[in-house]
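Shown next, in structure tokens, is the structure this report addresses.
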Amino acid sequence: MNERASTPIPVTLITGYLGAGKTSWLNARIRQGIPYGALILVNDFGTINLDADLIEYRSDRMLRLSNGCICCSLGESLAMELTRIARWPERPSALYIETSGVAEPARIIDLITVARHFELQATICLIDAASINRTLADPRVGELAAGQIRAADELSINRHARLDDGERRVVFNQLRRLNPSMSARLTHQLASTATTDDNAPPGSESASVTHAWLTPAANSRWDRFSIRLPDGIERHRLEAVLNEYADVLARAKGILCDVSGRRQLFQWSGGQANWHPTAAAGQCGTLIGIGFEGERFRTLAASLEALSR
Numbered sequence: 001m002n003e004r005a006s007t008p009i010p011v012t013l014i015t016g017y018l019g020a021g022k023t024s025w026l027n028a029r030i031r032q033g034i035p036y037g038a039l040i041l042v043n044d045f046g047t048i049n050l051d052a053d054l055i056e057y058r059s060d061r062m063l064r065l066s067n068g069c070i071c072c073s074l075g076e077s078l079a080m081e082l083t084r085i086a087r088w089p090e091r092p093s094a095l096y097i098e099t100s101g102v103a104e105p106a107r108i109i110d111l112i113t114v115a116r117h118f119e120l121q122a123t124i125c126l127i128d129a130a131s132i133n134r135t136l137a138d139p140r141v142g143e144l145a146a147g148q149i150r151a152a153d154e155l156s157i158n159r160h161a162r163l164d165d166g167e168r169r170v171v172f173n174q175l176r177r178l179n180p181s182m183s184a185r186l187t188h189q190l191a192s193t194a195t196t197d198d199n200a201p202p203g204s205e206s207a208s209v210t211h212a213w214l215t216p217a218a219n220s221r222w223d224r225f226s227i228r229l230p231d232g233i234e235r236h237r238l239e240a241v242l243n244e245y246a247d248v249l250a251r252a253k254g255i256l257c258d259v260s261g262r263r264q265l266f267q268w269s270g271g272q273a274n275w276h277p278t279a280a281a282g283q284c285g286t287l288i289g290i291g292f293e294g295e296r297f298r299t300l301a302a303s304l305e306a307l308s309r
């Protein structure tokens with residue numbers, strides 16, 4: 001038996017609430033270099049594999065998954081995938097799992113801990129410093145976000161530059177109350193070209209990416225939409241609709257074509273809209289979103305549908 005086959009596969013779990021910057025953090029890691037032969041498992045909340053499409057590294061060993069929900073039901077999906085990975089003739093040297101923003105990481109940690117051939121090395125939670133206190137105060141999702149923070153052994157704090165010194169202290173004190181033993185790192189503003197302060201794991205860029213999308217379980221409080229928008233969408237019209245329903249919309253994203261015909265990565269979270277030119281291979285023109293189920297969310301989806309007429 002070779003050394004890799006007998007050594008547990010080290011696992012890094014990447015968590016954080018919707019829009020915190022998990023995919024951008026992972027892209028920064030990939031650019032800086034991750035261990036040779038690593039595997040990246042990407043999870044998303046939508047019916048389109050957008051987060052996976054946005055991962056910048058590409059290799060000839062990829063697999064798209066379209067079943068299961070590790071964020072809610074866990075059960076067979078992740079357990080079966082870990083079993084399958086452990087049986088690969090060439091097992092990965094490391095495994096990076098990016099969870100959905102509505103994931104409960106404590107349950108995922110339990111599953112990895114008892115899985116043979118795997119060893120959890122780090123649980124990193126991305127924090128949007130500009131919106132985390134508002135998220136924690138929201139009775140609909142506050143406990144979910146707090147659980148993500150408590151489960152982490154490292155917090156990577158993003159978008160802190162938007163805050164003044166006093167606001168930063170409030171955020172840090174809140175995080176410390178929730179997780180007194182955590183270590184914290186400040187990241188630079190994470191975007192499609194961002195890097196982080198800290199050093200990446202050593203090694204080359206050789207990795208493979210396993211793509212998986214996540215959908216909330218049927219009994220969850222979440223609802224979602226996937227809406228086809230026309231090319232040449234006017235930014236202000238789209239943003240106006242999303243902002244009107246900011247009370248029920250948690251996250252929206254898509255690769256859209258603006259009025260100039262350029263492909264743009266559009267992301268909306270925390271009441272903020274961001275557009276970035278992109279060469280990502282994802283399907284152009286589809287906007288996916290997740291929010292709180294109910295009549296207002298359904299009205300939001302209908303209003304977005306009206307933009308395509």
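Residues in the sequence shown are numbered from 1 upward in steps of one, following UniProt numbering. Just so it is clear, CB atoms sit at the ideal spot from N, CA and C, and this is done for glycine as well.
Rounded to whole angstroms, the separation of the alpha carbons of G270 and S131 is 6 Å.
The C-beta separation of T23 from Q148 comes to about 16 Å, leaving the pair out of contact by the 8 Å criterion.
Taking 9 Å as the cut-off, the beta carbon of V171 is found closer than this to the beta carbon of A129. One thing to note: L13 has its Cβ within 9 Å of the Cβ of A122.
Taken through DSSP and simplified to helix, strand or coil, I30 comes out as helix.
As the crow flies, the alpha-carbon of L256 is around 44 Å from that of T7. Only residues of its own chain outside the window of five on either side were considered, and among them L242, A252 have a CB closer than 6 Å to the CB of W268, listed in chain order. According to the DSSP assignment, L155 belongs to no alpha helix (DSSP H) but to the beta strand (DSSP E) extending over 154-158. In this structure, the beta-carbon distance from L238 to L287 falls below 9 Å. When rounded, the separation of the alpha-carbon atoms in V248 and F118 is 38 Å. Beyond the five residues adjoining it in sequence on each side, L120 comes within less than 7 Å, by CB distance, of V11, L13, I109, I112, T113 in the same chain, given in chain order.
Its Cα nearest to that of F225, the residue R296 stands out among L41, R296, A86.
In the same chain as E154, and ignoring 5 residues on each side of it, the C-beta atoms closer than 8 Å to its own belong to A122, T123, I124, C125, M182, S183, A184, R185, in chain order. Nearest to W222 by C-alpha distance, out of Y96, S100, R91, is S100.
Annotated three-state conformation of H276 is strand, per DSSP. The residue from A145, I127, I85, P277 with its alpha-carbon nearest to that of R159 is I127. Per DSSP, S303 is one residue of the alpha helix (DSSP H) stretching across 295-307. Around A86, the same chain offers H117 as residues with beta carbons nearer than 6 Å, after the five sequence neighbours per side are excluded. Setting aside the 5 residues that flank it on each side, R262 is surrounded in the same chain by P277, each with a C-beta closer than 7 Å to its C-beta; the list follows chain order. Annotated three-state conformation of V114 is helix, per DSSP.
Under a 10 Å Cβ-count criterion, S156 is classified as buried, with 16 or more other Cβ atoms of the shown protein chains found around its own Cβ. Taking N179 as reference, the option from D165, D164, A145 with the minimal CA-CA separation is A145.
If the five residues before and after G289 are omitted, its C-beta is found closer than 7 Å to the C-beta atoms of R224, F225, L249, R251, A252, all from its own chain and listed in chain order. For D165, the enclosing alpha helix (DSSP H) has its first and last residue at 165-178. When rounded, the separation of the alpha-carbon atoms in T135 and A115 is 32 Å.
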